[in-house]
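Visitor: The UniProt record's numbering numbers the first residue of the sequence shown as 1 and each following residue consecutively.
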Amino acid sequence: MRARAPRRLMGASIVPDGDGRRLRLDIRLDRGVAISVGAGVVLALTGAFGTDAVPLWLRLAYWVPLILAGAVWGHLSSRLVERVIDPDERPWLTVLLVSAATAGPVTGLVWLVTGLVFGGAIYPLSWLAYFIGPVLIITLTLSALSVFLDRPPPVQTHAGAGGTAPARFLERLPPRLRGATLFAVQAEDHYLRLHTDRGSDLILMRLSDAVAELEGLEGARTHRSWWVARDAVRDVSRGDGRAVLTLEGGVTAPVSRRYARSLREAGWY
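1) Would you report the Cα separation of G108 and R258, rounded to the nearest angstrom?
2) The beta strand (DSSP E) spanning G199 covers which residue range?
3) If A180 sits next to S225, beta carbons under 8 Å apart, how far is it from one beta carbon to the other, in whole angstroms?
4) What does a CB cutoff of less than 6 Å around G70 pick up in its chain, not counting 5 residues either side in sequence?
5) Quick check on DSSP: helix, strand or coil for G219?
6) So, helix, strand or coil for A129, using DSSP?
7) Could you pull the DSSP bridge partners for V255 from this structure?
8) Quick check: the Cα distance between Y269 and V41, rounded to an integer number of angstroms?
9) Starting from the C-beta of A260, find all residues in its chain whose C-beta is less than 7 Å away, skip the five residues before and the five after it, and write them out in chain order.
10) For I35 versus L145, is the C-beta distance shorter than 8 Å?
11) Please classify H75 as buried or exposed, where buried requires at least 16 neighbouring CB atoms within 10 angstroms.
12) Less than 8 Å between the C-beta atoms of A253 and A167, yes or no?
13) Give the secondary structure of Y191 by DSSP, where H, G and I count as helix, E and B as strand, and everything else as coil.
14) Buried or exposed for I122, please, with buried defined as at least 16 other CB atoms from any protein chain shown within 10 angstroms of its CB.
15) So, is R2 buried or exposed, given that buried needs 16 or more other C-beta atoms within 10 angstroms?
16) The alpha helix (DSSP H) with A212 in it runs from where to where?
17) Quick one: what does DSSP say W268 is sitting in, helix, strand or coil?
18) Using DSSP's beta-bridge definition, name the partner residues of S237.
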């Protein structure tokens, strides 16, 4: 049975973890909000871009909501960009594209809000160009922080010694897959697709949480969206500068350059 879709809140998802006992906020937007609030406070305290002439409370009321609005738009932009660009493969291109997609709408918002807050009226349209530079500086900085902080490190899981308890993650397999051999775990938005020798199914969970519970099975993260069991690999092919693993049952799993070196050193291929 397909898991129920998560509820939406401010572009994030309040989602139960795999056993439904806790609620989790989309960690990417959660981190982005924290960074944005911090950046807004710093900009207010320093009176950045000529705002030092007004009281601190007004600077806070101006900067923090603006940066938060930009963060939400940037989060949505990053989700679209990552459909065509792998941030692990091309992080700086991702930063540039997300910044470009964010800067235009945010520049318009800043122009509008700044005129109303500091001028008491909407500024002339010709003044819009003066806001492009400051907005780009802030957008590039926050986009870079978001992309590089969100890059998961290479992680390998290992089979336990004889007699040890099986990997906790196996308890999360849906009833029809209980006892199946797990080949791979693939992230699909907030869901995980479980590839096994009995077919595949979806559960609601973050991949980072799943990898922590996969300790006890020999495998590794091969891509920001994939964990693969080592025994499931049947072939390795290379093309366009990257490797692709063919697994038992014909499923193919990508290998990002970020993870390729650790896999080669571990003797995967």
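Every residue, glycine too, gets a C-beta built ideally from N, C-alpha and C. Owing to the predicted nature of the structure, the values given are computational and were not obtained by experimental measurement.
Guide: In short:
1) 37 Å
2) G199 to L204
3) Their Cβ separation, rounded to whole angstroms, is 21 Å, which puts A180 and S225 out of contact at 8 Å.
4) V106
5) strand
6) helix
7) A243
8) 48 Å
9) A243
10) yes
11) buried
12) no
13) strand
14) exposed
15) Only weak support is given to the placement of R2: the predicted model assigns it a pLDDT of 38, under 50, and the value that follows is read from those uncertain coordinates. When all chains shown are included, R2 counts as exposed.
16) L207 to E213
17) coil
18) V244
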